[in-house]
Amino acid sequence: MTDQAQSTPAPQQLLTRHGTGLIALGVLGLVLVLLGPLFLDRFTLNVLTRSMIYAMMAITVDLLWGYAGILTFGQSAFFGAGAYATALILTHVGGGAQNFALALVLSLVLPMGLAALVGWLSFYHKSTPLYASVISLVVPIVLTQAIFAGGSFTGSSSGLVGYPTMKLGAANYFRLAGVALILFAALSWVIVRSDAGRLLVAIRDNPLRAAYLGIRTQRVQILLMTALGGVAGIAGFLYANAGRIVAPEIAGFGFGTQMIVWTALGGRGTILGPAMGAIGIDYLGAQLSGAMPYLWQLIIGILFVVMILFMPRGLAGFIPRRRGGAPVPQLGALPDHMQQRDSAPLLSVSGMRKSYGDFVVLDGIDLEVRPGELVSVVGPNGAGKTTFLRCLSDGTETIEGRVLLSGQDIAGRPPEAVVALGVGRKFQVASVFETMTVAECLRLARVTQERPSLWRRAARITLPRAVLDILSLTGLDGKLSEPVSGLSHGMRQSLELAMVVAMQPRLILLDEPTAGLTKAERTLIGEVLIRLTRDLGYAAVLIEHDLDFVRQISKRIVVLHQGRLVMDGPVDAVVNSDLVRSIYSGVAHD
Amino acid sequence: MALLLDIATTAALLFIVAAGLFVIFGVLKIINFAHAAWLTIGAYTTVLATGMGLDPWLSLPLALLVGGLLGALTEVAIVRPLYRRPLDAILATWGLGVVIVQLITLGFGRDMQMPPALMGGTVNMLGTPYSSYRLFLLAAAVVLGVVFVLVLERTRLGLNAQAVIMNETLARALGMNTGRVRMITFMLGSAIAAVAGVLLTPLSSVDPSMGISWLIGAFMLVMVSGTSVAALALACLCFGAAQVLVSTWVSPILGSVTVAVLCAVMLRLHPKGFARD
Chain L
226 MTDQAQSTPA
236 PQQLLTRHGT
246 GLIALGVLGL
256 VLVLLGPLFL
266 DRFTLNVLTR
276 SMIYAMMAIT
286 VDLLWGYAGI
296 LTFGQSAFFG
306 AGAYATALIL
316 THVGGGAQNF
326 ALALVLSLVL
336 PMGLAALVGW
346 LSFYHKSTPL
356 YASVISLVVP
366 IVLTQAIFAG
376 GSFTGSSSGL
386 VGYPTMKLGA
396 ANYFRLAGVA
406 LILFAALSWV
416 IVRSDAGRLL
426 VAIRDNPLRA
436 AYLGIRTQRV
446 QILLMTALGG
456 VAGIAGFLYA
466 NAGRIVAPEI
476 AGFGFGTQMI
486 VWTALGGRGT
496 ILGPAMGAIG
506 IDYLGAQLSG
516 AMPYLWQLII
526 GILFVVMILF
536 MPRGLAGFIP
546 RRRGGAPVPQ
556 LGALPDHMQQ
566 RDSAPLLSVS
576 GMRKSYGDFV
586 VLDGIDLEVR
596 PGELVSVVGP
606 NGAGKTTFLR
616 CLSDGTETIE
626 GRVLLSGQDI
636 AGRPPEAVVA
646 LGVGRKFQVA
656 SVFETMTVAE
666 CLRLARVTQE
676 RPSLWRRAAR
686 ITLPRAVLDI
696 LSLTGLDGKL
706 SEPVSGLSHG
716 MRQSLELAMV
726 VAMQPRLILL
736 DEPTAGLTKA
746 ERTLIGEVLI
756 RLTRDLGYAA
766 VLIEHDLDFV
776 RQISKRIVVL
786 HQGRLVMDGP
796 VDAVVNSDLV
806 RSIYSGVAHD
Chain D
78 MALLLDIATT
88 AALLFIVAAG
98 LFVIFGVLKI
108 INFAHAAWLT
118 IGAYTTVLAT
128 GMGLDPWLSL
138 PLALLVGGLL
148 GALTEVAIVR
158 PLYRRPLDAI
168 LATWGLGVVI
178 VQLITLGFGR
188 DMQMPPALMG
198 GTVNMLGTPY
208 SSYRLFLLAA
218 AVVLGVVFVL
228 VLERTRLGLN
238 AQAVIMNETL
248 ARALGMNTGR
258 VRMITFMLGS
268 AIAAVAGVLL
278 TPLSSVDPSM
288 GISWLIGAFM
298 LVMVSGTSVA
308 ALALACLCFG
318 AAQVLVSTWV
328 SPILGSVTVA
338 VLCAVMLRLH
348 PKGFARD
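Each protein sequence line maps, in turn, to chains L and D.
First residue of the first sequence: 226, per the numbering used here; consecutive thereafter.
First residue of the second sequence: 78, per the numbering used here; consecutive thereafter.
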């Protein structure tokens, strides 16, 4: 039972002042697109219809690139797939209501399938952002060539034209495109401000930390790409109907990069910017390119380079960003979760050996850790301590021997899957989310336990009592709405520890949690660790240099020396042994 | 026999086109999107030079010069300020590519140009008559590869470049002027690309957007090869062969994307590509 059950928190006010303004803007937009056809001539109407469809595409690019950090050149492929699915159905099967419905469904489903495939190709454990970008280049090129190869079925290089379309008339297509754009923009706006939206930014800023919070980052990225592939497909459906022509270029790499230009010029990381960028550039382009086709492209190209160099936030950079709109969330307490104290080992390492080519880092390591134990790993620099922790928390590291967690072999499991087995890892250099606030970091540490909302920010963060203790002892609870980038070194270390504990792991791995901390901070972290292990039954493996600190908090020490586990025993026996003295004074080498 | 020669010379062509990109990616770790523009510039150097009545062969050193100069300018003005924003550097070089292509279009028009060929005729290879120019390309690729290896292994610049490739921070900490290494590399990469553009003229249509069609294949080859010249050569040979076979037996249109698709799949299944770690 959580506290949450007793006091249902009021959802955070969706309509902040900022929000009210944007809703007014949305309503104004709706009025304009509904009444626009009364004032605009036919040419402008047609151009703007196209521009608004493009604006939807710019928003999809922006969600991927500006928010999730995936630079994609390939959104045009999904747009093209939707448009061609529509045109092919209407050309080869014919018009009629049921065929329009079929075309609509296909233009949603086919691009989504394609996007899921591209996502699978682009995102996997240890894939790089550059690789995803390169894949996004290949997809539209392959699709375009496939269209060329399709002969008369796909219309080859001249495309398809003259198929039956929905008989709405220019004015209603304008209204349809406008309403679709405003709805999609509003939806995007709500989502990027929700907890789920912050998750995207978290994955962009620190994918490693996200994975070690148990977030399946690749799955989130693939889902996002699939969903936005669907949106692009629908935009393609609209385009094929309103424009009455499809040509291979709309699926191509050139069009894909065009969307990046709109997004960059309008302002990535905002919703309105890219939409306005697309409409502005496409509309102006239609007006001017007749008179000076190459010059217009040239101007856009120069503007783009200058923007990237000097104004990475695009034209939206001229508008000052409002900060601190969201109120500070309240903290709620989860009752302390007593870990089961059975005598079976939680962690069991047998015969672990890790080498890079001929260089052996770890060799013949055997170790068992039971619930409630705090095991300190000591050893000189280069003894393999950090590598050891990595091999305990990332099953994709190639090792010999076995690592069992609660009896399950971690071999082949990426960090997020090992986290799911109940492991939390704190890094040597605090790994937190630099662009976020303290509260947002803590919220993210709980996403695997509490599904983040797609449409709002939680007004209340419930955390295990042990975490609340860390926060109040360190004073972090008074800094909930402050950005992490402004925190001191010690505060970051404490915050990361709080995040790890908030996941309620059964085994906590800590890599030099006290390095660079003051005496007071060190004592504090020591107390927290003692409470977690002795009172609550967590298990912990701690890497530490400071023998005095180790002596204070742990009962059992293992010594790693030159990749081997040379001692394992009670504190005093190990600390006072000749071997440890000689290792630390640098004498012994065997 | 003709098929084997096709494979060898296609691989050579891919190697020559990818070489400039490879140099830049190896050291600067950015994909230079302006590569397509350098190729185009090289080709138009030939158009310009032969238009002025110069011998087509003279366009090789000319392109080297033009490419090198533009490369140096680009590094200083665009790439260097974006050193810490690699994805933005990619975008900026792409924007530069657009600008160059539009300038060329403004200057020369959109139409296809037909500069005189560097070399004509055929040679009899074991009973099969074969284009002597393609054989020349094969020789050029081999020479280029050997020069690469020699420069990397035997010269100070090469050693510096290797140091930057392995650990740039350490190289800088040791007092190496890594900024200069990056600039020279970018200059060299651009110059090689421009020369590749000249070498393309007899085989490819010369128009402002000619570079784009070569770009993706070159990207993908560099991605699977990492920083090893041998891996690049091997990749060109394997995927060049695949391209020739698909073009011959299936469809030339699909052949043109063979390299890109195979590379993408290979990277997904075996992320290290042809490079050994």
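The C-beta atom is built at its ideal place from N, Cα and C for all residues, glycine as well.
Query raised in the report: Using 8 Å as the threshold, is the segment 524-531 of chain L in touch with the segment 161-176 of chain D, meaning 3 or more CB pairs across them?
Result: Contact holds: three or more Cβ-Cβ distances are below 8 Å.
Requested in this report: Determine the contact status of T757 (chain L) and V726 (chain L), defining contact as a CB-CB distance below 8 Å.
Outcome: On the first sequence, position 532 is the one that residue 757 (chain L) refers to. On the first sequence, position 501 is the one that residue 726 (chain L) refers to. Residue identity differs from the one stated: residue 757 (chain L) is Leu in this sequence, not Thr. Yes.
Requested in this report: Flag I624 (chain L) as yes if its beta-carbon sits less than 8 Å from any beta-carbon of chain D, otherwise no.
Outcome: What you label residue 624 (chain L) is simply residue 399 of the first sequence in a count that begins at 1. Not one chain D Cβ lies under 8 Å of I624 (chain L).
Query raised in the report: For N606 (chain L), which residues does DSSP report across the bridge?
Result: The residue labelled residue 606 (chain L) in the question sits at position 381 within the first sequence. N606 (chain L) is bridged by DSSP to nothing; it lacks a bridge partner.
Query raised in the report: L513 (chain L) by DSSP, collapsed to three states: which one?
Result: The residue labelled residue 513 (chain L) in the question sits at position 288 within the first sequence. Helix.
Query raised in the report: Are the C-beta atoms of Q320 (chain D) and some chain L residue less than 8 Å apart?
Result: Position 243 of the second sequence, counting from 1, holds the residue named residue 320 (chain D). It does not: the Cβ of Q320 (chain D) has no partner Cβ on chain L nearer than 8 Å.
Report task. List the residues of chain L that T182 (chain D) touches, going by C-beta distances under 7 Å, in chain order. Result -> As a first step, residue 182 (chain D) is located in the second sequence; it is residue number 105 there, counting from the start. Within chain L, the residues near T182 (chain D) are Y519.
Query raised in the report: So, is F264 (chain L) buried or exposed, given that buried needs 16 or more other C-beta atoms within 10 angstroms?
Result: For the purposes of this step, residue 264 (chain L) is taken as the residue at position 39 of the first sequence. Counting Cβ neighbours within 10 Å, F264 (chain L) comes out exposed, since fewer than 16 surround it.
Query - Residues within the segment 86-113 of chain D neighbouring chain L, beta-carbon criterion of under 8 Å - result: I108
Report task. Look at A511 (chain L) and V272 (chain L) and say whether their C-beta atoms are less than 8 Å apart. Result -> The count along the first sequence starts at 1 and reaches residue 511 (chain L) at position 286. The count along the first sequence starts at 1 and reaches residue 272 (chain L) at position 47. Contact flag set, yes.
Requested in this report: Compare the C-beta of I447 (chain L) with all C-beta atoms of chain D and state if any pair is closer than 8 Å.
Outcome: Taking the first sequence and counting its residues from 1, the one referred to as residue 447 (chain L) is at position 222. Taking Cβ atoms only, chain D never reaches closer than 8 Å to I447 (chain L), which makes this a no.
**Report entry** Per DSSP, the bridge partner or partners of A764 (chain L)
**Finding:** On the first sequence, position 539 is the one that residue 764 (chain L) refers to. Per DSSP, L:L732.
Query raised in the report: Who are the Cβ neighbours of L212 (chain D) in its own chain at under 8 Å, not counting the five residues just before and after it?
Result: Start at 1 with the first residue of the second sequence, and residue 212 (chain D) comes out as number 135. If we look at L212 (chain D) and ignore the five residues flanking it on each side, its Cβ neighbours are L82, T86, V200, M202.
Query raised in the report: Do we get a CB-CB distance below 8 Å when we pair A218 (chain D) with the residues of chain L?
Result: Your numbering for residue 218 (chain D) matches position 141 in the second sequence. Chain L contact via Cβ: absent.
Query raised in the report: Who does F584 (chain L) pair with in a DSSP beta bridge?
Result: Position 359 of the first sequence, counted from the first residue, corresponds to residue 584 (chain L). For F584 (chain L), the beta-bridge partners assigned by DSSP are L:Y581.
Report task. Give the DSSP-derived three-state secondary structure of G294 (chain L) in the structure shown. Result -> By 1-based counting over the first sequence, the position of residue 294 (chain L) is 69. Coil at G294 (chain L), not helix or strand.
**Report entry** Contact list for G526 (chain L) against chain D, beta-carbon separation under 7 Å
**Finding:** Numbered from its first residue, the first sequence carries residue 526 (chain L) at position 301. Correct list: G172, V175, V176, Q179.
Query raised in the report: Would you call the segment 380-390 of chain L and the segment 467-487 of chain L in contact, with 3 or more CB pairs under 8 Å?
Result: yes
Requested in this report: Check distances from the C-beta atoms of the segment 345-359 of chain L to those of chain D and list, in chain order, the residues that come in under 9 Å.
Outcome: W345, L346, S347, Y349, K351, S352, T353, P354, L355, Y356, S358, V359
Query - Coarse secondary structure for N201 (chain D), derived from DSSP in three states - result: In the second sequence, the residue the question calls residue 201 (chain D) occupies position 124. N201 (chain D): strand per DSSP, three-state reduction.
Report task. Please go through the same chain and pick out, in chain order, the residues whose beta-carbon is closer than 7 Å to the beta-carbon of S232 (chain L), but skip the five residues on each side of it. Result -> Taking the first residue of the first sequence as position 1, residue 232 (chain L) is located at position 7. Any reading at S232 (chain L) needs caution, since the residue's pLDDT is 39, under 50, leaving its predicted position unreliable; the model's value is listed next. Excluding positions up to five away in sequence, the list is empty.
Query raised in the report: T442 (chain L) versus chain D: which residues are under 9 Å apart at the beta carbon?
Result: What you label residue 442 (chain L) is simply residue 217 of the first sequence in a count that begins at 1. Under the 9 Å cutoff, chain D gives no residues; its nearest Cβ is about 16 Å from T442 (chain L).
Requested in this report: Identify the contact partners of P499 (chain L) in chain D, using a Cβ-Cβ distance below 7 Å as the criterion.
Outcome: One-based indexing of the first sequence puts residue 499 (chain L) at position 274. Neighbours of P499 (chain L) in chain D, taken as residues whose beta carbon is under 7 Å from its own, are absent, since the nearest beta carbon is some 14 Å off.
Requested in this report: Give every residue of the same chain whose Cβ lies closer than 8 Å to the Cβ of C616 (chain L), excluding the five residues on either side of it in the sequence, and list them in chain order.
Outcome: Here residue 616 (chain L) refers to the residue found at position 391 of the first sequence. Here the set comprises M577, K579, L587, E622, I624, V628.
Query raised in the report: What does F304 (chain L) touch in chain D if you count any residue whose Cβ is under 8 Å from its own?
Result: The residue you call residue 304 (chain L) lines up with position 79 of the first sequence. Around F304 (chain L), no beta-carbon contact reaches into chain D at under 8 Å, the shortest distance being about 19 Å.
Query raised in the report: Out of L:S419, L:S779, L:A302, which has the shortest C-alpha to C-alpha gap to R676 (chain L)?
Result: As a working note, residue 676 (chain L) is residue 451 in the first sequence. When only C-alpha atoms are compared, the closest one is L:S419.
Query raised in the report: Which one of L:A402, L:G589, L:V486 has the shortest CA to CA distance from Q787 (chain L)?
Result: Counted from its first residue, the first sequence places residue 787 (chain L) at position 562. Ranking the options by Cα distance to Q787 (chain L), first place goes to L:G589.
Query raised in the report: Can you find a C-beta in chain D that's less than 8 Å from the C-beta of F584 (chain L)?
Result: By one-based count along the first sequence, residue 584 (chain L) stands at place 359. Taking Cβ atoms only, chain D never reaches closer than 8 Å to F584 (chain L), which makes this a no.
**Report entry** Beta-carbon neighbours of L370 (chain L), restricted to chain D and to distances below 7 Å
**Finding:** On the first sequence, residue 370 (chain L) is found 145 positions in, with the first residue counted as 1. Just to set this straight, residue 370 (chain L) is Gln in the shown sequence, not Leu. Within chain D, I330, L331, S333, V334 have C-beta atoms less than 7 Å from the C-beta of Q370 (chain L), given in sequence order.
Query - Top-ranked residue by Cα proximity to E230 (chain D), from D:V306, D:L215, D:L195 - result: On the second sequence, residue 230 (chain D) is found 153 positions in, with the first residue counted as 1. With distances taken between Cα atoms, E230 (chain D) lies closest to D:V306.
Query raised in the report: Helix, strand or coil for S573 (chain L) per DSSP?
Result: Stepping through the first sequence from its first residue, residue 573 (chain L) is reached at position 348. Strand, per DSSP.
Requested in this report: Give the residues of chain L in contact with D165 (chain D), contact being defined as C-beta atoms less than 7 Å apart.
Outcome: Taking the first residue of the second sequence as position 1, residue 165 (chain D) is located at position 88. Correct list: I533, P537.
Query raised in the report: Nearest-angstrom Cα distance between V602 (chain L) and T612 (chain L)?
Result: The count along the first sequence starts at 1 and reaches residue 602 (chain L) at position 377. The count along the first sequence starts at 1 and reaches residue 612 (chain L) at position 387. Computed Cα separation, rounded: 12 Å.
Query - Close-in-space but distant-in-sequence residues of the same chain around H317 (chain L) (CB under 8 Å, 5 per side omitted) - result: Your numbering for residue 317 (chain L) matches position 92 in the first sequence. Taking C-beta separations shorter than 8 Å and ignoring five residues to either side along the sequence, the partners of H317 (chain L) in its chain run F378, following chain order.
Query - Assumed close pair A295 (chain D), G144 (chain D) - CB separation to whole angstroms, cut-off 8 Å - result: Taking the first residue of the second sequence as position 1, residue 295 (chain D) is located at position 218. Taking the first residue of the second sequence as position 1, residue 144 (chain D) is located at position 67. 15 Å between Cβ atoms; not a contact.
Query raised in the report: Below 8 Å, can you find three or more Cβ-Cβ pairs linking the segment 252-266 of chain D to the segment 329-336 of chain L?
Result: Contact fails between the segment 252-266 of chain D and the segment 329-336 of chain L, because fewer than three Cβ pairs, one in each stretch, are under 8 Å apart.
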